[in-house]
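Notes follow once the structure below has been shown.
In this note's numbering, the protein residues as written are -14 to 470.
The following block contains the structure:
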């Protein structure tokens, strides 16, 4: 079962004789979200949070640019090498962050034949200085966000009032510190580029340097609003040019992030009817091992698919009801994938660069079994209007409507879809409903509610491939083939 440390949430068994697992849901979802490409894998989230987006402008109560930020935060994520993630946030680090670390290491090998030892030491010092500056800027922005939010609420200011924020931060916050650190960062980045920008004997090495220049290029970044557009008095002015021209650096109002785009418009994502599905499972349903089949050894785990937040006595009552379960029916109004489009700042072809292959063991932190770049997201998996119906051999005794409706606090999870309390939904999202009648219990999202349920991931096999080649040279290919059988 997936771990739920220090949580009142407990797993529930459905029907004494059923063999159902999360794999059965995985099968249904995989069938309807589109074809996976070679070396692509489906990763499920067992805490499928709602995705709040709007394609409308501020005059119509919309928040287009905040919606792009919501998409970005789910797309620019480093991926843990596991078929199922058990938390709302898929990883602590951003993909852009770990990719930048990879570029930094790769560049160290590229410059060895070109830069003098003194220049390499100077470059290393500049890298350390940049990392310290970025860390300080992050800390300033995080502190300002917390403090400004409290101050704005206490004093009656709009949270997005830029004029008020600037006045406040210049006295109580860190806006001046952020601006000063940004100037320092630009100076150090220029010094670094001056050292690196020269002729390289091998074009492939120059490609790495250019990739780092693209990664550091301010035009690859945008200042995204961290609140809905209408929370800003000038939110109607938000467009690509406006946000690009805002001062560099994250603040309490805007997050300075590398840009990503997607292969669907916001309106298409909200209304896409593709992949609508229904499915049912009962005692005759065969146990599935599809996660293990697709993921190999890393998928060889049993995952729970029903859980509830309840006291010990309540959990006992709920479990007794569910033991009499006969059939589960699931469905959605849509299930589809949204392709992530990476600009020039991200170049995965470098993962097989000759300097990586020559020094493969030094890149284990990125491409090894627990590597931060072993997988990277290519698609977001979205479900709209999810519903689940449980059918029992007897009438349901426990009052599920009273306990698990949105107004009561929610706290029920089925197949990773968490039906929470009112606080789990924004003011623009439909709350879930609970219907209990006789032998049937139905819990459903609103028809327009979007859920981010997982990723399609691209796997990078360079580490395994190169280690096998090295072993084959040492031991012979026949030995490797025999051991792999």
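Each residue gets a CB set at the ideal place from its N, CA and C atoms; glycine is no exception.
Could you spell out the range, first to last residue, of the beta strand (DSSP E) harbouring residue i?
i	result
residue 374	372 to 377
residue 267	262 to 267
residue 362	360 to 369
residue 303	Segment 297 to 308 is the alpha helix (DSSP H) holding residue 303; no beta strand (DSSP E) there.
residue 206	206 to 210
residue 398	395 to 399
residue 144	Where residue 144 is concerned, there is no enclosing beta strand (DSSP E), given that its DSSP letter is neither H nor E.
residue 357	Element bounds for residue 357: n/a, residue is neither H nor E.
residue 426	425 to 429
residue 195	Not the beta strand (DSSP E): residue 195 falls in the alpha helix (DSSP H), residues 188 to 201.
residue 419	418 to 422
residue 293	291 to 294
Using CA coordinates, which residue listed in the options is at the minimum distance from residue i?
i	options	result
residue 239	246, 250 and 227	227
residue 448	392, 461, 56 and 352	352
residue 51	112, 208, 21 and 331	208
residue 229	273, 366, 111 and 205	205
residue 88	347, 374 and 442	347
residue 452	123, 34, 106 and 345	345
residue 434	130, 36, 311 and 405	36
residue 307	236, 292 and 331	292
residue 26	0, 68 and 33	68
residue 83	66, 203, 99 and 62	62
residue 108	174, 215 and 321	174
residue 20	256, 394, 234 and 366	366
residue 168	261, 234 and 417	234
residue 404	6, 31 and 360	31
residue 23	142, 360 and 271	360
residue 268	314, 320 and 224	314
residue 210	256, 187, 260 and 145	145
residue 102	180, 40 and 176	180
What three-state label does DSSP hand residue i in the structure shown?
i	result
residue 80	helix
residue 60	helix
residue 32	coil
residue -4	strand
residue 25	strand
residue 220	helix
residue 94	helix
residue 348	helix
residue 327	coil
residue 482	Look at the range of the chain in this structure, -14 to 470, and you will see that residue 482 is not part of it.
residue 127	helix
residue 380	coil
residue 233	coil
residue 51	helix
residue 440	strand
residue 492	Residue 492 lies beyond the residue range present for the chain, which begins at -14 and ends at 470; the question has no answer from this structure.
residue 137	helix
residue 435	strand
residue 39	coil
residue 69	strand
residue 238	coil
residue 312	strand
Could you tell me the boundaries of the alpha helix (DSSP H) in which residue i lies?
i	result
residue 459	447 to 460
residue 171	160 to 181
residue 278	275 to 280
residue 13	7 to 17
residue 245	That residue, residue 245, is in no alpha helix (DSSP H); it is neither H nor E in DSSP.
residue 229	225 to 230
residue 341	339 to 343
residue 386	385 to 389
Under a Cβ-count criterion, where at least 16 other Cβ atoms within 10 Å of its own Cβ denotes burial, should residue i be classed as buried or exposed?
i	result
residue 242	buried
residue 117	exposed
residue 377	buried
residue 197	buried
residue 113	exposed
residue 458	exposed
residue 397	buried
residue 38	buried
residue 278	exposed
residue 319	buried
residue 362	buried
residue 126	buried
residue 436	buried
Could you tell me if the beta carbon of residue i falls within a distance shorter than 7 Å of some heavy atom in the ligand SAM?
i	result
residue 103	For the ligand SAM, the structure offers nothing, since it holds no ligand at all.
Taking 8 Å as the cut-off, does the region 91 to 107 touch the region 331 to 342 (at least 3 CB pairs, one atom from each stretch)? Under the Cβ criterion (8 Å, minimum of three pairs), the region 331 to 342 counts as touching the region 91 to 107.
Pairing CB atoms from the region 53 to 69 with CB atoms from the region 245 to 259, are three or more of them under 8 Å? The region 53 to 69 vs the region 245 to 259: in contact.
Check whether the region 352 to 369 and the region 412 to 423 touch, using three or more Cβ-Cβ pairs below 8 Å as the test. With contact defined as three or more Cβ pairs closer than 8 Å, the region 352 to 369 and the region 412 to 423 are not in contact.
The region 152 to 160 contacting the region 127 to 139, beta-carbon criterion three pairs below 8 Å: Yes, since at least three Cβ pairs between the region 152 to 160 and the region 127 to 139 fall closer than 8 Å, the two stretches touch.
Are at least three pairs of beta-carbons, each pair with one atom in the region 380 to 388 and one in the region 421 to 431, less than 8 Å apart? Counting C-beta pairs closer than 8 Å gives three or more between the region 380 to 388 and the region 421 to 431, which meets the contact rule.
With a cut-off of 8 Å, do at least 3 Cβ pairs link the region 247 to 262 to the region 318 to 325? Judged by Cβ distances under 8 Å, the region 247 to 262 makes contact with the region 318 to 325, as three or more pairs qualify.
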